[in-house]
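Trainee: Here it is: the structure, laid out below.
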Amino acid sequence: MAFLRPTARPERPAAAPPGPPLGPARQTTPAAPLVPVPSTESALPAGYLTTVRAGLGGCTRCHLHEKRQNLVFGEGNPHPLLMVIGDWPGSEDARTGRPFQGQDGEMLTKMFKAIDLQREEVYVTTLVKCQPPAGRPPTRDEIAACLPFLLQQIVALAPRVICAMGSLATQTLLVTDQPLTRLRGGFHDCHGVALMPTFHPRFLHEHPEMKKATWQDLLMIRKKLVP
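Under the numbering used here, the letters of the sequence shown match residues 19 to 245, in that order.
What follows is the structure in structure tokens.
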């Protein structure tokens, strides 16, 4: 598998120190939506995803907008079996306004191909929609500003499976402070959708030895998509 082949490590700024826990562990209780969303028991309005994007507008809900190049909403199949949620946009994402660009995007495409998926079949987005400065992770307030729109994206897309890539995306969606290394390797409930946590391509570039563990996560996703 091309995904498992060693890749040259890109030069990246030193990782920012981890932020404080996002909240107490509540593995057995699904997180409650933070904003009203249409009931999944009834048909959604046509073009609901477009409505979500319009509601986000030229967002100024946190300080990240002050130096924003482009807002990164998400892209892909509007009726996906798989939705991928990363943690925050990188430099290429911010430049283009598209998620998972550059070397991270190349690796993500290889990951999809390894389980017989094309990127166009999947919907990809990020937890926060603007790039934080200096390579740091987003703050609690920055996450809180974006989270209602991400939850609405999940409702609009109604995927069969969510793949959360990275600790922040995983911990936020599962409302837990448990480490990703303990959460990955199995499915969790996220607002009625099966969620598989795994490592972000950014992390895999720096820690290629974790690709085999990620491959096991991908195989479980594939099995869930094609029983």
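Ideal placement from N, C-alpha and C gives every residue a C-beta, glycine not left out.
Between the alpha carbons of D159 and V90, how many angstroms are there, rounded?
Mentor: Sequence index remark: in the sequence shown, residue 159 carries index 141 (1-based). Sequence index remark: in the sequence shown, residue 90 carries index 72 (1-based). So the two alpha carbons sit approximately 18 angstroms from each other.
Trainee: Leaving out five residues on either side along the sequence, give the residues of the same chain with a beta carbon under 7 angstroms from the beta carbon of C80.
Mentor: By one-based count along the sequence shown, residue 80 stands at place 62. So the qualifying residues of the chain are D159, E160 and A163.
Trainee: Out of S185, G203, G204 and R202, which one is the CA nearest neighbour of D195?
Mentor: Working through the sequence shown from its first residue, we reach residue 195 at position 177. Nearest of S185, G203, G204 and R202 to D195, Cα basis: S185.
Trainee: What are the boundary residues of the beta strand (DSSP E) that L213 is part of?
Mentor: The residue labelled residue 213 in the question sits at position 195 within the sequence shown. Element bounds for L213: V211 to T216.
Trainee: Could you work out which residue in L145, K85, T188 and E227 is closest to F167 when comparing CA atoms only?
Mentor: Sequence index remark: in the sequence shown, residue 167 carries index 149 (1-based). Closest option to F167, Cα to Cα, is L145.
Trainee: DSSP on I133, reduced to helix/strand/coil?
Mentor: By one-based count along the sequence shown, residue 133 stands at place 115. If DSSP states are grouped into helix, strand and coil, I133 belongs with coil.
Trainee: Report the three-state DSSP secondary structure of A176 (helix, strand or coil).
Mentor: Along the sequence shown, read from residue 1 onward, the residue named residue 176 stands at position 158. Residue state, collapsed to three classes: coil.
Trainee: Quick one: give me the first and last residue of the beta strand (DSSP E) that V142 is part of.
Mentor: Mapped onto the sequence shown, residue 142 falls at position 124. Segment Y141 to T144, the beta strand (DSSP E) holding V142.
Trainee: Report the option in G75, R202 and G153 whose CA atom is closest to the CA atom of K229.
Mentor: On the sequence shown, residue 229 is found 211 positions in, with the first residue counted as 1. Nearest C-alpha to K229: R202.
Trainee: Compare the C-alpha of G15 against each of F217, P245 and L169 and name the closest.
Mentor: The structure shown does not extend to residue 15, since the chain is modelled only from 19 through 245, so no value can be given for it.
Trainee: Going by DSSP, what residues sit across from I239 in a beta bridge?
Mentor: The residue you call residue 239 lines up with position 221 of the sequence shown. According to DSSP, I239 bridges with nothing at all.
Trainee: Under three-state DSSP, which class holds H97?
Mentor: Numbered from its first residue, the sequence shown carries residue 97 at position 79. Note: H97 maps to coil in three-state DSSP.
Trainee: Do Q87 and G104 come within 9 angstroms of each other at the CB atom, strictly closer than that value?
Mentor: In the sequence shown, the residue the question calls residue 104 occupies position 86. In the sequence shown, the residue the question calls residue 87 occupies position 69. No, Cβ-Cβ distance for G104 and Q87 is not below 9 angstroms.
Trainee: Answer yes or no: do P226 and M183 have a C-beta to C-beta separation smaller than 9 angstroms?
Mentor: Here the question's residue 226 lines up with position 208 in the sequence shown. Here the question's residue 183 lines up with position 165 in the sequence shown. The answer is no: Cβ separation not under 9 angstroms.
Trainee: Starting from the C-beta of L99, find all residues in its chain whose C-beta is less than 7 angstroms away, skip the five residues before and the five after it, and write them out in chain order.
Mentor: Start at 1 with the first residue of the sequence shown, and residue 99 comes out as number 81. P177, R178, V179 and L243, listed in sequence order.
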